[in-house]
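Enquirer: Heads up: the sequence shown begins at 2 in our numbering, then just goes up one per residue.
Where a beta carbon is used, it is the ideal one built from N, C-alpha and C, also for glycine.
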Amino acid sequence: MNRWNVTFETKCYEKDWRYLLQTPRLEANLRYNRFPFKEAVLYINNVNDPQEVSFYADKLVQRGVLTSYKVVDHYAQEALDFFGIDKDSFNGGYYYSISELVAIYLCRADYLLHFSSDSILAGPFEWVEQAIQKMEDDPRIRVANPTWNFSYEYAKQESIEEDERFYVGYGFSDQCYLIRTEDFRARIYNEKHPASLRYPAYGGELFEKRVDSWMRNHQYLRITYKHGSYIHRNFT
Numbered sequence: 002m003n004r005w006n007v008t009f010e011t012k013c014y015e016k017d018w019r020y021l022l023q024t025p026r027l028e029a030n031l032r033y034n035r036f037p038f039k040e041a042v043l044y045i046n047n048v049n050d051p052q053e054v055s056f057y058a059d060k061l062v063q064r065g066v067l068t069s070y071k072v073v074d075h076y077a078q079e080a081l082d083f084f085g086i087d088k089d090s091f092n093g094g095y096y097y098s099i100s101e102l103v104a105i106y107l108c109r110a111d112y113l114l115h116f117s118s119d120s121i122l123a124g125p126f127e128w129v130e131q132a133i134q135k136m137e138d139d140p141r142i143r144v145a146n147p148t149w150n151f152s153y154e155y156a157k158q159e160s161i162e163e164d165e166r167f168y169v170g171y172g173f174s175d176q177c178y179l180i181r182t183e184d185f186r187a188r189i190y191n192e193k194h195p196a197s198l199r200y201p202a203y204g205g206e207l208f209e210k211r212v213d214s215w216m217r218n219h220q221y222l223r224i225t226y227k228h229g230s231y232i233h234r235n236f237t
């Protein structure tokens, strides 16, 4: 039995829910991570017809692919109040951020693994347990992810140190992240840092920018798995 409870979580919105709920993609991604997740939860965000999307999410629950699903709007204000965030402060980044915040707010597992709907492991490999052990051993590390889009050399260049399994450095992406829930289920999302200005302007003060600022202000690090990649590619 694994020592840690881990929730697998992903989200969908109007332009991508069909890819996620009407194809084998989600089931494949769960399988590729090769880890016995405590639960697999879908967050439905910013869709035209929540009832229609819920109908297809129900089918995945019935098949045992998902444990549950939730409509983000039902919990959004609770999450903002819990984290002490003013909705207007997102400056255009609200819909890029609220699903992630609600998922963290509602999570009760030790760890949370998030994939954006357009991110998926390139194939099956074991990395979650190794990443958790590294995070448990080093209090500087607050997030883990596989390498992105096979960019191993770039990940190495971005690192400040490495070991046989992981590059260690700064940065945060909302495409894929493994976090210790208690670290992120706190009022950490109202900080700023000059390096975080690199995030796209159209996203305003979005979730990943806020996390990056918090991590840099406190010298927290992320680890990137060296021997496996996820693929992020917009469906459109």
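Taking buried to mean at least 16 other C-beta atoms within 10 Å of its own C-beta, is residue 183 buried or exposed?
Expert: It is exposed - the Cβ of residue 183 has fewer than 16 other Cβ atoms within 10 Å.
Enquirer: So, with DSSP's three-state summary, where would you put residue 1?
Expert: Given a span of 2 to 237 for the chain in the structure shown, any question on residue 1 remains unanswerable.
Enquirer: When you compare only the Cα positions, how much space is there between residue 124 and residue 33?
Expert: So the two alpha carbons sit approximately 6 angstroms from each other.
Enquirer: From 167, 199, 233, 187, pick the residue whose C-alpha is nearest to that of residue 127; which is it?
Expert: Selected option, being the one with the closest Cα: 167.
Enquirer: Quick check on the burial criterion: 16 or more other C-beta atoms within 10 angstroms. Buried or exposed for residue 147?
Expert: Answer is buried; the Cβ neighbour count reaches 16.
Enquirer: Strictly by DSSP, which residues pair up with residue 105?
Expert: Bridge partners of residue 105: none, in fact.
Enquirer: Less than 7 angstroms separating the beta-carbons of residue 5 and residue 111?
Expert: Result yes, Cβ atoms of residue 5 and residue 111 sit closer than 7 angstroms.
Enquirer: At the level of alpha carbons, what is the spacing between residue 239 and residue 149?
Expert: For residue 239 there is no data in the structure shown, the boundaries of the chain being 2 and 237.
Enquirer: How many angstroms separate the CA atom of residue 101 from the CA atom of residue 138?
Expert: Their Cα atoms are separated by approximately 26 angstroms.
Enquirer: Just reading off the beta strand (DSSP E) that residue 230 is part of, what are its end residues?
Expert: From DSSP, the beta strand (DSSP E) with residue 230 extends over 222 to 233.
Enquirer: Output the distance between the C-alpha atoms of residue 143 and residue 181, rounded to the nearest integer angstrom.
Expert: Approximately 7 angstroms, taken between the alpha carbons.
Enquirer: Buried or exposed: where does residue 203 fall if 16 or more other Cβ atoms within 10 Å of its Cβ makes it buried?
Expert: Exposed, since its Cβ has fewer than 16 Cβ neighbours within 10 Å.
Enquirer: Indicate whether the contact test is met: 3 or more Cβ pairs, each with one atom in the region 75 to 94 and one in the region 203 to 223, closer than 8 angstroms.
Expert: They touch, by the three-pair rule.
Enquirer: Check for me: the alpha helix (DSSP H) holding residue 215 runs from which residue to which?
Expert: That run of the alpha helix (DSSP H) goes 208 to 218.
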